[in-house]
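Structure first, then comments.
Residue numbers (the numbering used here): 341 to 641.
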């Protein structure tokens, strides 16, 4: 199932299901049918398999006419970030080639990490599909991109074993881990990666059952139509179960938390010569089975 948060006209964002470039207004359909389902995606995730089973039953039980009544073309509605995560945990240096380019261009160590390299992004950094990535020239001249598979946590995870980790995954989305490379402070990345709009998120959340496990998905990123990154999630150094086990060894993961699983090579700082985002650019991050997350870059001054 492909779950979205959308709105049309000036109505409040609400829960929908994407089906072949169409959006089913799940919130309105639920009300019409007298069913009981959460009206927003974060609450839906927190309800676990109960909500998923009820949504499937509702959609399967509707007549075609009823379903059409509550369906809109995707290009006639506005997609928003799926939800605001409780916390976003970023994973650095999780693709071997990115480790090498980072050691050349970002002064990181050239050896492979023995444990996941973790950092955080605040929820205020989240922005949705089509929304602007803000370029503040007073703060950065090195605004960079990173296409990453986002793992959405579906149930509370604390001290989870690797073999049990998949049970805590609700689904997948895309995060573009935007970074102001020249705002790293004494080796710390929080301000560099945590500014407003630095976590484009979406366009949808795809449930775990809809993606082969483990996910081996082609991924790419384009700037103004030019491919900058191209890889596959199979090349992660630390796989998803390892990440969940490592993080949950000392930090409780809750429903709606998001793990941004790392970027492949091809970031702007690693190119020769380096290339960085400027106002007017269009950034498109694509992951197979999930979709494309497109965001323009706008001047924030």
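Virtual Cβ for every residue (Gly too), placed ideally from N, Cα, C.
Completely contained beta strand (DSSP E) runs for the stretch 412 to 443, where each covers 3 or more residues:
For the beta strand (DSSP E) assignment, the uninterrupted runs of no fewer than 3 residues enclosed by the stretch 412 to 443 are, from N- to C-terminal side, 418 to 420, 428 to 432.
Would you list the residues sitting across from residue 566 in a DSSP beta bridge?
563
DSSP has residue 540 in a bridge; who is on the other side?
467
Return yes when the Cβ of residue 491 is within less than 9 angstroms of the Cβ of residue 580, no when it is not.
yes
Note down, in chain order, each residue of its chain lying with its Cβ closer than 8 angstroms to the Cβ of residue 416, except the 5 sequence neighbours on either side.
348
Segments of 4+ residues assigned as alpha helix (DSSP H) that fall wholly inside the stretch 356 to 418:
366 to 373, 381 to 386, 389 to 401, 404 to 409
Range covered by the beta strand (DSSP E) that runs through residue 493
487 to 493
Contiguous beta strand (DSSP E) assignments of at least 3 residues, all confined to the stretch 556 to 637:
558 to 563, 566 to 572, 598 to 600, 622 to 627
Which word fits residue 535, buried or exposed, when buried means at least 16 other C-beta atoms lie within 10 angstroms of its C-beta?
buried
At which residues does the alpha helix (DSSP H) containing residue 460 begin and terminate?
Careful: residue 460 lies outside any alpha helix (DSSP H), inside the beta strand (DSSP E) at 457 to 461.
Please list the segments of the alpha helix (DSSP H) lying wholly inside the stretch 505 to 549, counting only runs of 4 or more residues, in order along the chain.
Taking only runs of at least 4 residues, the alpha helix (DSSP H) segments lying wholly in the stretch 505 to 549 are 530 to 534.
Return the CA-CA distance between residue 453 and residue 374, expressed in angstroms with no decimal places.
Distance between the alpha carbons of residue 453 and residue 374 is about 52 angstroms.
Could you check whether the stretch 503 to 517 touches the stretch 624 to 634, counting it as contact only if at least three pairs of C-beta atoms, one from each stretch, sit closer than 8 angstroms?
Between the stretch 503 to 517 and the stretch 624 to 634 there are three or more inter-stretch CB-CB distances shorter than 8 angstroms, so the stretches are counted as touching.
Would you call the CB atoms of residue 436 and residue 458 closer than 9 angstroms?
no
Looking at the strands, I want to know which residues DSSP matches up with residue 354.
346
So residue 508 and residue 587 are in contact, right, with Cβ under 8 angstroms, and what is the actual spacing, rounded?
That belief does not hold up - the Cβ atoms of residue 508 and residue 587 are roughly 11 angstroms apart, past 8 angstroms.
Let me check understanding here. Comparing Cα to Cα, which of 582, 421, 547 lies closest to residue 502?
582
Cβ separation of residue 593 and residue 496, assumed to be a contact under 8 angstroms, to the nearest whole Å:
7 angstroms
Excluding the five sequence neighbours on either side, which residues of its own chain have a C-beta within less than 6 angstroms of the C-beta of residue 462, listed in chain order?
Take residue 462, set aside five residues on each side of it, and the residues of its chain with a beta-carbon closer than 6 angstroms to its own are 534, in chain order.
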